[in-house]
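In what follows, a structure is listed as structure tokens, so that the remarks can point back to it.
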Amino acid sequence: MDEEATQANTDAVAAPDAVGTRDEPAEAVLPEVAENPSELEAMLRAGVHVGHRRARGNPKMKPFIFTTRNDFQFIDLAETERSLLVAQAFLRGVAAKGGQVLLVGTKPAVRQAVREAAERLKQPAVWTRWLGGTLTNFKTISKRLAELADLERQKNAGEFAKYTKKEALLLERQLAKLELKFGGIRQLAKLPQAVVIFDLSENHTTAREAKRVGVPVVAVADTDVDPGLVAYPVPANDDAVSSVRYLAERLTEAIAEGQREFEIASREREELASVEAPPISHE
């Protein structure tokens, strides 16, 4: 984000009760917007509202723009909050059913937050470079993941020692190469049930691949992207570290809540299954 944008007048931010022109989300989450002024204030402090220069703006983001000042577009934070609530509900539901969520963010401002979230949630993630075909050619990707798992198993078991020094070195190099490319998604046994993209402007290929294979996408959409690429766009600044970390916290907490619900439900099922069935009467 340009330095001038981060210095822009914060008076341009939407008031908590401002409403954009985009189709309204599910009624169940609408009341929470006006009742959540603290979140709107937090977004303001994080710079979530600061967009790009008007010349870089995508016309399809117009419903999410509150105003333009000093040639910079400012995002309607009420719309951001509405979109976040809908996205959170979706992600919570996916995780509550035991589904995997693939986290994607490759911009310098995004990488660390994505990696930390993936490690915390034990979810697959891409934070270096999106490899084309990860979703649309998953059969081939699966073979590389299997190769990575096999090399890791061999190394951990000390099996590299049985090879010559040159052979072991080649295996080490191949392992390092595979870890760099696929390490973040090693636990993907099948296509994920959802994808979260923290920098849609950088990873529109990811969004298109997900759409082709029918995987719903939640994405942070800055003012320079087409929000129609994804099912759940969240209008927000994807360049400022503070903004990305705020959004990552909101979205990943929803996933964590869903995971807790799944764990509770799983324990309850196990407890029910462990109860002995009453004896069958033969009278």
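Letter by letter, the sequence shown follows residues 0 to 282 in numbering that gives the first Met the number 0. Think of the CB as a built atom: it goes at the ideal place given N, C-alpha and C, for glycine as much as any other residue. No experiment lies behind these values; they were computed from the predicted model shown.
At the C-beta level, Phe181 and Val113 stay beyond 7 Å of one another. Leu147 and Lys96 have their C-alpha atoms spaced approximately 28 Å apart. DSSP, read as helix, strand or coil, puts Arg52 in strand. The DSSP-derived three-state label of Thr66 is strand. Around Gln87, the same chain offers Ala253 as residues with beta carbons nearer than 6 Å, after the five sequence neighbours per side are excluded.
Put simply, the segment 226-245 does not touch the segment 163-179. Fewer than three CB pairs are less than 8 Å apart. In this model, Gly92 and Lys161 are separated by some 48 Å (Cα to Cα). When DSSP states are grouped into helix, strand and coil, Tyr231 belongs to the strand group. With fewer than three CB-CB distances shorter than 8 Å, the segment 135-147 does not count as touching the segment 115-122.
Within the segment 81-131, the runs of alpha helix (DSSP H) at least 4 residues long that lie entirely inside it are, in chain order, 107-120. Taking the Cα of Val214 as reference, the smallest distance to any Cα among Ser37, Leu90, Asn57, Glu80 is reached at Leu90.
In the structure shown, Val224 adopts coil according to DSSP, grouped into three states. In its chain, beyond the 5 residues on either side, Pro123 have a beta carbon closer than 6 Å to the beta carbon of Leu187. The C-alpha of Arg81 lies about 14 Å from the C-alpha of Ser37.
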